[in-house]
Amino acid sequence: MANHKSALKRHRQSLKRRARNRISKTRIKNTVKAVRVAIEEKDVAKAMEALKDATSILDRAARKKIIHQRQAQRRIARLQVAINKIAE
């Protein structure tokens, strides 16, 4: 454990950030899962609505640097491709 005042503060900050990031990452997983479930059910309307929510959450996480910008864009693109396949 840290002994210096600044190191103790840095540790407290890292714990707060970790908790905040874990909440966001869990939220991302749940919204992406909702899109995938809708895709498996072949419900295009439900999948598009879920993708809209997932896009918003992924973009927000990327903007706050919780995940990388390219990772967010890649996930959105792959979900959109999957929806387009069932829409045909």
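Each residue of the sequence shown is one higher than the one before, counting from 1 in full-length UniProt numbering.
The beta carbon of each residue, even a glycine, is placed where N, CA and C say it ideally should be.
Here the structure is a predicted model, which means the values were calculated and not measured.
In terms of Cα proximity to Val32, the closest of Arg20, Leu51, Arg18 is Leu51. Around the C-beta of Leu79, 16 or more other C-beta atoms lie within 10 Å, and the residue is accordingly described as buried. For Ala38, the secondary structure class from DSSP, reduced to helix, strand or coil, is helix. Annotation: the continuous alpha helix (DSSP H) that includes Glu49 extends over 44-63. Annotation: Ala2 is outside any alpha helix (DSSP H) and is labelled neither H nor E by DSSP.
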